[in-house]
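Chemist: The structure is given below, and queries will be raised subsequently.
2 protein chains.
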Amino acid sequence: MDEIAADPSHPRYASLLMRHRLEVAQAKGMLADSAMIAHGRGEAFDYLLGEVTTPSAHKATRHALACMMEGRRTVLSVNGNVAALATDEMLTLADALDCPLEVNIFYRTPERMEAILGHISERNEALGLDVTVLGHAPNASIPGLKGPRASCHKEGILDSDVILVPLEDGDRCRALLEMGKTVIVIDLNPLSRSAQEGTITIVDELSRALTNMVGLLKRGENVVVDSKYNNEATLKAALEWMLNSLKQV
Amino acid sequence: MDEIAADPSHPRYASLLMRHRLEVAQAKGMLADSAMIAHGRGEAFDYLLGEVTTPSAHKATRHALACMMEGRRTVLSVNGNVAALATDEMLTLADALDCPLEVNIFYRTPERMEAILGHISERNEALGLDVTVLGHAPNASIPGLKGPRASCHKEGILDSDVILVPLEDGDRCRALLEMGKTVIVIDLNPLSRSAQEGTITIVDELSRALTNMVGLLKRGENVVVDSKYNNEATLKAALEWMLNSLKQV
Chain A
1 MDEIAADPSH
11 PRYASLLMRH
21 RLEVAQAKGM
31 LADSAMIAHG
41 RGEAFDYLLG
51 EVTTPSAHKA
61 TRHALACMME
71 GRRTVLSVNG
81 NVAALATDEM
91 LTLADALDCP
101 LEVNIFYRTP
111 ERMEAILGHI
121 SERNEALGLD
131 VTVLGHAPNA
141 SIPGLKGPRA
151 SCHKEGILDS
161 DVILVPLEDG
171 DRCRALLEMG
181 KTVIVIDLNP
191 LSRSAQEGTI
201 TIVDELSRAL
211 TNMVGLLKRG
221 ENVVVDSKYN
231 NEATLKAALE
241 WMLNSLKQV
Chain B
250 MDEIAADPSH
260 PRYASLLMRH
270 RLEVAQAKGM
280 LADSAMIAHG
290 RGEAFDYLLG
300 EVTTPSAHKA
310 TRHALACMME
320 GRRTVLSVNG
330 NVAALATDEM
340 LTLADALDCP
350 LEVNIFYRTP
360 ERMEAILGHI
370 SERNEALGLD
380 VTVLGHAPNA
390 SIPGLKGPRA
400 SCHKEGILDS
410 DVILVPLEDG
420 DRCRALLEMG
430 KTVIVIDLNP
440 LSRSAQEGTI
450 TIVDELSRAL
460 TNMVGLLKRG
470 ENVVVDSKYN
480 NEATLKAALE
490 WMLNSLKQV
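If you read the sequences in order, they're chains A and B. According to our numbering, the stretch in the first sequence is residues 1 to 249, in order. According to our numbering, the stretch in the second sequence is residues 250 to 498, in order.
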C-alpha cells in the first residue's frame, strides 16, 4: 500500500509517509478541503513534541486502551484524515478489540462517504480481516448537532459507551461527551477544544498512538484502567514537554 | 477579489480569508502539493503567537524595510504560497519601493509559473500598478542549487543586493546568503532553517507583515536602518513570546 520514494532510514520517513497517504486519499476523494491544512497544524505540534510518544502520552494510551477493552459497546470513529493516515491501524485495533469502526465525517457528502467506505473495505479485505464497518446507512442522530454531521448508526456511535475519536472536531466531541460517553481523543494540539474537553486525551501522532495500542495488545501486556487517571495532568505534561523543547533551542 | 462568506467581524476572519485565497490559488494551479500542509504548519505557529505582530517582529519589520529602501537593487521574491496569500500586498510594496517582483518557485513547472505570473499580472492591472514582474524568462542561475529551482533573472535575483524571500525553502535561502545578499525572511516558524539563517527574520504572518510595511511607507514614518539590529535576539524574542503563550494556558 505504501509505495513511496523515500527510504525508511530517511530521518523524515514517517512524516513523508503520512503526507504520501494523504495524497493518495486526496486523489481518491476522501478528504475535506481543510484536510491538508489540519495536517500541517498537526505537523507543527508534532515537531514540538520531537515526533515521539511522550511518557504522559504512553500513560494516557494505556488507560484509554483499558477503557476501550472494558467498554460494553466500544466504537472507533473514522473521519477522512483518520482513514487517510491510519486505516490499517484502525482496522487492526478494531479487530483486536472485537468492536466496529464507524465512518463519521464532518463535511458529509455521499461521494466522500463512498470513497472512505470503499478504501476501508479494500483494506479490510487486503488485511484478511472481517471488521464490522458502519457509516453506510445511518439510522440515528447525535443530539445537539445539526444537519448531516449529526448522522450516525444506532448500533454504532449512538449506543456506544466508549468511543475513540481521533482528530475530531470540537463541536462533535462535545456532543458525544454530553451523551455521557467516555470520549477518547487523539490530537497533537493539546490546546484544541477536543483535546481540552475529551475524557482521555492522547497527545500523539495518530499512527504512533494506534501502533502503540496494537503493540500493547499483541505483546499481551497487562493493561488496566488507571483509577487515578487525571486528564488535566496529561494535558499539562504535553504542554510542558513542548515548552521544554522550545526552551532547548 | 476576496469574496468569502465570513463576515470581517468574525474572530477567525483573517485566517478564513487566507484559506480562501489558498483555495482560489489551488484552483488556478498555482500551488505545489505541499502548499496546504505548509500553510497549516504556519497556522499552528501563528496560533502560538496569538495571531498578532509582536514588538520584536515590528522592530525586525522596520529594520527590514529600511534595508530594502537602501538597497541598490532590491528584489521581492514570490513563490506559489506568497502569490496565493499576498499578491496585492507584494505588488503594493514593490510599487512603493520601486523595485521588481520575481517569481521564483521551488517545484518549477511551466504550468505553475504561468498560473502564478498570470495571477500577478491580473492583479497588477486591477490595482492600476505597473510593477516590473520577472520570472518569465530566466537567464541566470543561483550558484549552489541544482535543476530548475536554480533558475532566475540576471537583472532580478542574481544581481540583487537585498532580497525579500517570504516563506522560503531553507536550501534556497542559504544559497542566496552565500551570494552575499541581505536576505530578509518572513516565516512564522522561528525554528525553520530559513528563519534561523536569514539576515533579518520577521516572525509574523505574511499579509500582516506586508501590511505593516506598506502602512509605515504610507504614513511616511521615519524608517531607518538599525545599526544595532541583532537577528538572534529577534528569534529569541519570538520563541519567548510563544513560550509565554503556552505557559498562560
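Yeah, the Cβ is synthetic: ideal placement off N, Cα and C, and Gly gets one too. These numbers come from a predicted model, not from an experiment.
Less than 8 Å between CB atoms is the rule here; does A:H39 satisfy it with respect to chain B?
Modeler: Nearest CB-CB separation between A:H39 and chain B: below the 8 Å threshold.
Chemist: Would you give the residue range spanned by the beta strand (DSSP E) that B:T302 belongs to?
Modeler: Here B:T302 belongs to no beta strand (DSSP E), and DSSP marks it neither H nor E.
Chemist: Pull up the DSSP beta-bridge partners for B:A389, would you.
Modeler: Per DSSP, B:C401.
Chemist: Looking only at its own chain, which residues have a Cβ that is under 6 Å from the Cβ of A:W241, when we skip the five neighbours before and after it?
Modeler: T54
Chemist: Roughly how many whole angstroms lie between the Cα atoms of A:G220 and A:V214?
Modeler: 10 Å
Chemist: Going along chain B in order, which residues have a C-beta closer than 8 Å to the C-beta of A:R73?
Modeler: Within chain B, no residue comes near A:R73; the closest Cβ sits about 34 Å away, beyond 8 Å.
Chemist: In whole angstroms, give me the CA-to-CA distance for B:T358 and B:V432.
Modeler: Approximately 25 Å between the Cα atoms of the pair.
Chemist: Closest to B:A333 by CA distance: which of B:A424, B:A276, B:K467 is it?
Modeler: It is B:A276 whose Cα lies nearest to the Cα of B:A333.
Chemist: For A:R174, which residues of its own chain have a beta-carbon under 8 Å away from its beta-carbon, when the five flanking residues on both sides are left out?
Modeler: G144, R193, E197
Chemist: Where does B:T341 sit, in a helix, a strand or coil, going by DSSP?
Modeler: helix
Chemist: Which value, in whole angstroms, describes the spacing of the CA atoms of A:E122 and A:A32?
Modeler: 20 Å
Chemist: Using a cut-off of 7 Å between C-beta atoms, extract the partners of A:M242 located in chain B.
Modeler: L495
Chemist: By DSSP's criteria, B:P439 is part of a beta bridge. Which residues make up the other side?
Modeler: In DSSP, B:P439 forms no bridge with anything.
Chemist: Round the Cβ separation of A:C67 and A:I200 to the nearest angstrom and send it over; I've been treating them as touching at under 8 Å.
Modeler: 7 Å
Chemist: Taking A:M90 as the reference, give the member of A:L164, A:M30, A:F106, A:G42 with the closest Cα.
Modeler: A:L164
Chemist: Applying the 10 Å Cβ sphere with the 16-neighbour rule, what's the burial state of B:H288?
Modeler: buried
Chemist: Can you have a look at B:S500 and say buried or exposed, based on whether 16 or more other CB atoms are within 10 angstroms of its CB?
Modeler: There is simply no residue 500 of chain B to check, as chain B begins at 250 and stops at 498 in what is shown.
Chemist: Look at the alpha carbon of B:I435 and the alpha carbon of A:E178, and state the distance between them as a whole number of angstroms.
Modeler: Between B:I435 and A:E178, the C-alpha separation is close to 43 Å.
Chemist: Suppose you measure from the CA of B:V331 to the CA of B:L416; what does that come to, to the nearest Å?
Modeler: 7 Å
Chemist: Quick one: Cα of A:I157 to Cα of A:L176, how far?
Modeler: Answer to the nearest angstrom: the Cα atoms are 9 Å apart.
Chemist: What is the rounded straight-line gap between the Cα of A:A64 and the Cα of A:D130?
Modeler: 23 Å
Chemist: Can you find a C-beta in chain B that's less than 8 Å from the C-beta of A:R12?
Modeler: no
Chemist: Name the chain B residues that come within less than 7 Å of A:A84, Cβ to Cβ?
Modeler: Within chain B, no residue comes near A:A84; the closest Cβ sits about 12 Å away, beyond 7 Å.
Chemist: Can you pull the DSSP bridge partners for A:V165?
Modeler: A:V185
Chemist: Can you pull the chain A residues whose beta carbon is under 7 Å from the beta carbon of B:A375, in chain order?
Modeler: Those do not exist, as B:A375 stays about 26 Å from chain A at its closest Cβ, beyond 7 Å.
Chemist: Alpha carbon to alpha carbon, what distance is there between B:L376 and A:E251?
Modeler: Outside the displayed span of chain A (1 to 249) sits residue 251 of chain A, for which this structure offers no information.
Chemist: Given this structure, state the Cα-to-Cα distance separating A:K218 from A:K247, to the nearest angstrom.
Modeler: 37 Å
Chemist: Per DSSP, what kind of secondary structure is B:I449 in: helix, strand or coil?
Modeler: strand
Chemist: Rounded to whole angstroms, what's the CA-CA distance from A:V133 to A:V162? Just pull it up for me.
Modeler: 17 Å
Chemist: For a quick check, are the C-beta atoms of B:V327 and B:I391 less than 8 Å apart?
Modeler: no
Chemist: Check each candidate in A:N212, A:A209, A:L216, A:L188 and name the one with the smallest Cα separation from A:L239.
Modeler: A:L188
Chemist: Residues in its own chain within less than 8 Å of B:G310 by CB, not counting five upstream and five downstream?
Modeler: Per the sequence shown, residue 310 of chain B should be read as Thr rather than Gly. The residues are T302, I451, D453, A458, N461, M462, L465.
Chemist: Does B:S494 come out as helix, strand or coil in the three-state DSSP assignment?
Modeler: helix
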